[in-house]
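These notes concern the structure reproduced below.
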Amino acid sequence: RSAYYPLVTPSNLCKPRRLYISFSDVGWENWIIAPQGYMANYCLGECPFPLTAELNSTNHAILQTMVHSLDPEGTPQPCCVPVRLSPISILYYDNDDNVVLRHYEDMVVDECGCR
Amino acid sequence: SVVLGMELSLQESLLLKSLGLSTKPSPKTPGPVPSVLWRIFQKRKTLPSTNKDLADACRVEEFNVPGNIIRVFADQGHFIHNGQPQRLLCLQKRLYFNLSVLEEGEHLTMAQLEIKFSHNSYHTSSQGQVFELRLYQTSQMSLRGMPSHEHSRKLLVEQSFARLHKSLLFNLSGVAKDWRAYSRNLGLILEISVSDGASAVASGGLQSLCASIDSFLDTSLLVVTLSQQQCKASRRRRRR
Numbered sequence: 012r013s014a015y016y017p018l019v020t021p022s023n024l025c026k027p028r029r030l031y032i033s034f035s036d037v038g039w040e041n042w043i044i045a046p047q048g049y050m051a052n053y054c055l056g057e058c059p060f061p062l063t064a065e066l067n068s069t070n071h072a073i074l075q076t077m078v079h080s081l082d083p084e085g086t087p088q089p090c091c092v093p094v095r096l097s098p099i100s101i102l103y104y105d106n107d108d109n110v111v112l113r114h115y116e117d118m119v120v121d122e123c124g125c126r
Numbered sequence: 425s426v427v428l429g430m431e432l433s434l435q436e437s438l439l440l441k442s443l444g445l446s447t448k449p450s451p452k453t454p455g456p457v458p459s460v461l462w463r464i465f466q467k468r469k470t471l472p473s474t475n476k477d478l479a480d481a482c483r484v485e486e487f488n489v490p491g492n493i494i495r496v497f498a499d500q501g502h503f504i505h506n507g508q509p510q511r512l513l514c515l516q517k518r519l520y521f522n523l524s525v526l527e528e529g530e531h532l533t534m535a536q537l538e539i540k541f542s543h544n545s546y547h548t549s550s551q552g553q554v555f556e557l558r559l560y561q562t563s564q565m566s567l568r569g570m571p572s573h574e575h576s577r578k579l580l581v582e583q584s585f586a587r588l589h590k591s592l593l594f595n596l597s598g599v600a601k602d603w604r605a606y607s608r609n610l611g612l613i614l615e616i617s618v619s620d621g622a623s624a625v626a627s628g629g630l631q632s633l634c635a636s637i638d639s640f641l642d643t644s645l646l647v648v649t650l651s652q653q654q655c656k657a658s659r660r661r662r663r664r
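Quick mapping for you: the protein sequence lines, in order, are chains W and U. Numbering of the first sequence is given in this note's numbering, commencing with residue 12 and proceeding in unit increments. Numbering of the second sequence is given in this note's numbering, commencing with residue 425 and proceeding in unit increments.
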C-alpha cells in the first residue's frame, strides 16, 4: 500500500504559539494585583508522518502517524499538546482584603510535542 | 448569548477552582501591597524560565520554609481604652486576625507578626528607661473591641528596647500552628510600656517617652502555607 504524505510546511508543524492573556479581558482586574497579564502561549500545528526529533514525540505517537499515513480516514494524527509548562506567581486580594501571593504550576506553555 | 454566558461562567468557576478559589474575590477596601510580597513577586518574575523549573515551587526561599501561598492578614482589632489610665502603659491594643480563609488542606509553615511605626523612636533619657513590649495570646477575642471579660492571657513575647525601629518582627509560627487546631481566628493583645523610674515619673519623662511612640501605624500577620494537594502533584511530576 502506498503511504499518504500530506504537504506540511515548517510553519504548520506543532510548536508553541504566542498567546498573551490579559486579566482585564476576563474581568479579573479588580482582584488580581499583578501581573496584569502574561505570555501563556499555546500549542498548534500538525504532527505529520514522519515525525522528526524536534516534534518531541512519544513512541506511541510515531506509530500512530505510521498508521495514520496508511489509513488517514480511520486513524487521526497525534495531538499537538503542551509537554513542558512553567509556573507563575500571582499577587491578588482575597475577599477579606488580605493580600495573597500564590505560586501556580502549569501556567505557561514552554514546549509542545506530539502525543 | 445566555448559553454562552453560562458556559463562560462554568469555565470561570473551573479555573478559579484550579487556582484554589471557590469564588471570584471581590475586595471591598483593598489596601497597599506589603513590600515584602512585592519583593518576592518581582524576584520570581525576573527568574529566567529555565530556572523556574529547578526552583522548588513548593518552597519559599526568602523564609526558608516549605510553602506555595503567602498571605498578609490585616489586623482587625481595636485599641483598648481603659477607664483608669495606667501611667506606664503607652499603648494597648487587641490584635485580631481572621485566618478562616486558610483551607483544610493547607499546612501552615510560618507565621510572622509585624508591628509598624512611621519612624524610628529614639529617646534621650539619661535614666536608662526602655520600651517594654509584651504580646499576649488570649483564649477568646472580641472582634469589635466590645467590653469582654478578660479571658485567660498567656504571655508570648516580652522584650525591652532602647529604641523602637520602624518595623518589629516576631515569629509566631508555633502559636499559629497550635491555634489552628481549635480556632479559625487568632487573637492577641499588644502592650507597649516604658520601664519605671521614680525620677522619670516625677519629671514627666514617661509621658514624653510614650509620646515618642505615637508613630504606631499598624500590625499585620504574614502566613506561609503549603497546599498539600498542589505540591504533591508538583513533586510527582518532577520525579517523573
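Cβ coordinates follow ideal geometry from the N, Cα and C atoms, glycine included.
Counted within 10 angstroms of its Cβ, other Cβ atoms place phenylalanine 503/U as buried (16 or more) or exposed: Within the second sequence, the letter at position 79 stands for residue 503/U. Phenylalanine 503/U sits exposed, since fewer than 16 C-beta atoms from the chains shown fall within 10 Å of its C-beta.
Distance CB(lysine 26/W)-CB(glycine 48/W) smaller than 7 Å: Translated into the one-based positions of the first sequence, residue 26/W becomes position 15. Translated into the one-based positions of the first sequence, residue 48/W becomes position 37. Contact: no.
Contacts around glutamate 122/W, its chain only, beta-carbon distance under 6 Å, and the 5 residues preceding and following it disregarded: Taking the first residue of the first sequence as position 1, residue 122/W is located at position 111. The answer, listed in chain order, is Val94 and Arg95.
Partners in chain W for asparagine 544/U, counting only beta-carbon separations shorter than 9 Å: Counting from one through the second sequence, the residue named residue 544/U turns up at place 120. Residues of chain W whose Cβ lies closer than 9 Å to the Cβ of asparagine 544/U do not exist; the shortest such Cβ separation is about 25 Å.
Close beta carbons around alanine 51/W, own chain, < 8 Å, minus the five adjacent residues each side: Looking up residue 51/W in the first sequence gives position 40. Answer for alanine 51/W: Leu30, Tyr31, Ile32, Met118, Val119 and Val120, listed in chain order.
Residues of its chain near threonine 533/U, where Cβ-Cβ distance is below 6 Å and the 5 sequence neighbours each way are ignored: The residue given as residue 533/U occupies position 109 in the second sequence. The residues Val489, Pro490, Gly491, Val648 and Leu650, in chain order, have a CB closer than 6 Å to that of threonine 533/U in the same chain once the five nearest residues on each side in sequence are set aside.
Given glutamine 8/W as reference, the closest of Phe34/W, Gly124/W, Ser22/W and Pro21/W once Cα atoms are compared: Any property of residue 8/W remains undetermined from this structure, which presents chain W solely from 12 to 126.
Histidine 531/U - partner residues in DSSP beta bridges: Taking the first residue of the second sequence as 1, we reach residue 531/U at position 107. According to DSSP, which records beta bridges pairwise, histidine 531/U is partnered with Leu650/U.
Glycine 441/U versus leucine 102/W - alpha carbon distance: Locating residue 441/U in the second sequence gives position 17, counting from the first residue. Locating residue 102/W in the first sequence gives position 91, counting from the first residue. As written in the sequence, residue 441/U is lysine, which differs from the glycine given in the question. Straight-line Cα distance between these residues: approximately 17 Å.
Chain U contact for leucine 112/W (CB, 7 Å cutoff): Taking the first sequence and counting its residues from 1, one reaches residue 112/W at position 101. Put simply, the CB of leucine 112/W is near chain U, with a gap under 7 Å to one of its CB atoms.
Within 7 Å of chain U by C-beta, residues of the segment 80-110 of chain W in sequence order: Closer than 7 Å at the C-beta level to chain U, one finds these residues of the segment 80-110 of chain W: Ser97, Pro98, Ser100, Leu102, Tyr103, Tyr104, Asp105, Asn106, Asp107, Asp108, Asn109 and Val110.
Chain W within 7 Å of asparagine 492/U, Cβ atoms only: Indexing the second sequence from 1 puts residue 492/U at position 68. Taking Cβ atoms only, chain W reaches closer than 7 Å to asparagine 492/U, which makes this a yes.
Proximity below 7 Å, CB of glutamine 500/U to CB of tyrosine 520/U: Reading the second sequence from its first residue, position 76 is the one you call residue 500/U. Reading the second sequence from its first residue, position 96 is the one you call residue 520/U. Closer than 7 Å, so yes.
Under the three-state DSSP convention, the category phenylalanine 487/U falls into: On the second sequence, position 63 is the one that residue 487/U refers to. If DSSP states are grouped into helix, strand and coil, phenylalanine 487/U belongs with coil.
Contact set between isoleucine 464/U and chain W, taken where Cβ atoms lie within less than 8 Å: Mapped onto the second sequence, residue 464/U falls at position 40. Within chain W, the residues near isoleucine 464/U are Ser100 and Leu112.
Residues that DSSP places opposite arginine 495/U in a beta bridge: Start at 1 with the first residue of the second sequence, and residue 495/U comes out as number 71. BP columns for arginine 495/U point to Val111/W and Val647/U.
Beta-carbon separation (whole angstroms), arginine 113/W vs isoleucine 616/U, contact threshold 8 Å: What you label residue 113/W is simply residue 102 of the first sequence in a count that begins at 1. What you label residue 616/U is simply residue 192 of the second sequence in a count that begins at 1. Not quite, the Cβ-Cβ distance comes to about 34 Å (not below 8 Å), so this is no contact.
DSSP state of serine 623/U mapped onto helix, strand, coil: As a first step, residue 623/U must be located in the second sequence, where it is residue number 199. Caution is warranted here: a pLDDT of 47 is assigned to serine 623/U, below 50, making its placement in the model unreliable, and no coordinate value can be reported.
Listed by chain order, chain W residues near leucine 443/U by CB distance under 8 Å: To locate residue 443/U, count along the second sequence from 1; it is residue 19. Listed along the chain, the chain W residues whose CB falls inside 8 Å of the CB of leucine 443/U are Ile101, Arg113 and Tyr115.
Length of the line joining the Cα atoms of alanine 45/W and histidine 531/U: As a first step, residue 45/W is located in the first sequence; it is residue number 34 there, counting from the start. As a first step, residue 531/U is located in the second sequence; it is residue number 107 there, counting from the start. If you take the alpha carbons of alanine 45/W and histidine 531/U, they lie about 25 Å apart.
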